[in-house]
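Start counting the sequence shown at 0; every next residue gets the next number (numbering that gives the first Met the number 0).
Glycine residues also receive a C-beta, built at the ideal position from the N, C-alpha and C atoms.
Notes follow the structure.
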Amino acid sequence: MDVGLAILVIGVAAAAAAFCLLLVGLVYSEAMNCDVPSGVESPTKLHAIHCFLVGMAMVGRILERLGLCDQSRLVRWLADRSLRRRGQRAGLRIKNATFAGVPVRVYEPTAASAGKRRGLVYFHGGGWVVGSLETVDDLCQYIAEKSEATVVSVSYRLAPEHRYPAHLDDCEAATRHFLTVAEASFGVDPRRVAVGGDSAGGNLAAALCQRLAKKENGHLLAPCAQVLIYPALQMADFSLPSYQQNHAVPLLLRGRMAFYFLHYLNGDMSVCQDVLEGRHVPAELMLRYRKWLSPDNLPAEFRARGFCQQTPPGHDGEVYHIIKAGLEPEVSPLLAEDDVVRSTPPAFILTCEYDVLRDDGILYAKRLKDLGVPVTWQHIPDGFHGIINFRKGWLSFPSAERALDSVVRYLENL
Ligand SMILES: *[C@@H]1O[C@H](CO)[C@@H](O)[C@H](O)[C@H]1NC(C)=O
C-alpha cells in the first residue's frame, strides 16, 4: 500500500473516531442532565432509552446541518422502524383504507361475536410532529385482539408540514366516516364507538369530543367515550406541580412539550422560553383559568414532592398575540367552558406519576367529574410518559402491560 493512501485511511479513521467520541460525549452530557427518579420501574432501562433517543436526535441534527436530511423526517423514520411490529397477531384481519380522504388502518377481530362489535378510533401520539400508523401498529393489534373491539388507527397530517387545525380536521373526518359506515361495512355498533389516543393523540381525542358535542347537539352520531392516555390538555401553564416535579424526567422533558405545542400551532420557536415561563397568558385570562388549573384542585399527595407555588410573571402582549389560538379549547381542551365539557362522553383517563402531563389528566378528570360526566381514572404510580410503547423485549416495563390492560377492560365494558 502506498504511504499516501495509508495516511489518508488513518486520517479518515481518526476523524471518524473523533466524531464518535464527540457524539458519545454529547449524548452522555445530555443524558446526565436528565433526572430518572428512583420510583420509576427499572430506572436503568429508562436511562438507556433516553440516551438512545438523545443520540438519534443529535445524529439527526448533525445530518440536517450537513444538508443531508431533515431531522423530523429522520426521527419519524426511526420511530417507525423501532416501534413497528413484525408480523401479525392471530385472530385479526388488518386492512389499510382511506376514510374521507384520510389514510387509516382497520383492525378487525375475527373471533365470532354474539352481537355487533364495539369500536375504537385511535389517534397516535408523537407531539403532533412524529408518529404514524406504524408506531402504534403493535398497540392497536393488542387492543383489538384483547378487547375484541374493531380498532381504526388514523394517520392524520403532521407538523411542521401542516399546522393546527389540520390534525384535528383529519381526526374528525375519519371518525365521522367510520361512524357512518361502522354498522354496514364493519358490523360495529355506531353507538358503541369510542375515540382515544396517547399524548398528542389524547389531546386530539378530547378536542374532537368537544368539537362534536358543540356541533351535534345530540342529533347525530357521536363517540360514546373518550379514552385519554397521558393526554396533553393545555398550554396555559407549564408550571403545574407535575411540570415542576418531572421537568427533566424522560421521555418527555418540560421544554419539549412547549416546543411541540408551538410546532402544532405555528412553528414560532422564538417565544418558547416566554411560554415556559408563563408570559403568554394575560392576567385576566389567568384569573379565569385559575379555577381549573389551580394546584389546589389536585389531591394533596401530588403536591408533596418538590413543588413550589410561583408568583405569576409579567405578561407580554406580543407573545400572547403569537400563541393566542393555543389557548382556545380546540388546542387546550382543559380550558373549555363548562357547557362544552359537560356535554362530552364518559371518559377513561390514564396518568403516570413521572410525567409532566400528569396534572393535565388529573385536572381534566376532576372537571369532567364535577360536571357529572362519568370518569374512570387510572394512575400508574411508577409510570413515565410513553410507557405503553415498551411492553416487549429487554426494554419492557411490566406496568406498561398493566396500563394497557386497563384500557382493554374499559373498552370491554362500553
Ligand atoms: C398496509 O400498508 C403498509 C405500508 O404501506 C404495508 O406495509 C402493509 O403491509 C399494509 N397492510 C395490509 C394489510 O395491506
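With fewer than 16 other Cβ atoms inside 10 Å of its own Cβ, D338 counts as exposed.
G325 counts as buried, since no fewer than 16 other beta carbons sit within 10 angstroms of its beta carbon.
Distances from the CA of L52 to each of Q243, R210 and S71 were compared; the closest alpha carbon is that of S71.
Taking C-beta separations shorter than 8 Å and ignoring five residues to either side along the sequence, the partners of D188 in its chain run G114, K115, R116, R117, G118, A181 and E182, following chain order. Taking the Cβ atoms as the reference, L82 lies roughly 4 Å from T134, within the contact range of under 8 Å. For V192, the secondary structure class from DSSP, reduced to helix, strand or coil, is strand. Its Cα nearest to that of A257, the residue D236 stands out among D236, V248 and F389.
By the neighbour-count criterion, in which 16 or more other beta carbons inside 10 Å mark a residue as buried, Y27 falls on the exposed side.
Ranked by how close their Cα comes to the Cα of D358, the residues V105, L227, L157 and R390 have L227 in first place.
Straight across, the Cα-Cα distance linking A231 with A99 is about 26 Å. As DSSP reads the structure, W376 sits in a beta bridge with I348.
When secondary structure is reduced to three states using DSSP, K115 falls in the coil class, being assigned neither helix nor strand. Among the bridge pairs identified by DSSP, K94 is matched with V105. Residue burial annotation: P328 is buried, with at least 16 other C-beta atoms found within 10 angstroms of its C-beta. Cβ-Cβ separation between N296 and K365: approximately 6 Å, consistent with a contact (criterion under 8 Å). Under the 8 Å Cβ criterion, the stretch 191–198 counts as touching the stretch 121–134, having at least three qualifying pairs. Here I142 is buried. Its C-beta has 16 or more other C-beta atoms within 10 Å. Nearest C-alpha to P240 among S293, L25 and V105: S293. If you look at L334, you'll find it isn't in any alpha helix (DSSP H); DSSP assigns it neither H nor E. Where S71 is concerned, the enclosing alpha helix (DSSP H) starts and stops at Q70 to L82.
Judged by DSSP in its simplified three-state form, S41 adopts coil rather than helix or strand.
DSSP lists G118 as the bridge partner or partners of T149.
Spatial neighbours of E63 in its own chain (CB-CB distance under 7 Å, excluding positions within 5 residues in sequence) are listed in chain order as D69 and Q70. In this structure, the C-beta of R84 stays at least 8 Å away from each heavy atom of ligand 1.
Distances taken from the Cβ of R80 to the heavy atoms of ligand 1 include none shorter than 8 Å. Taking the Cα positions, I93 is about 11 Å away from G86.
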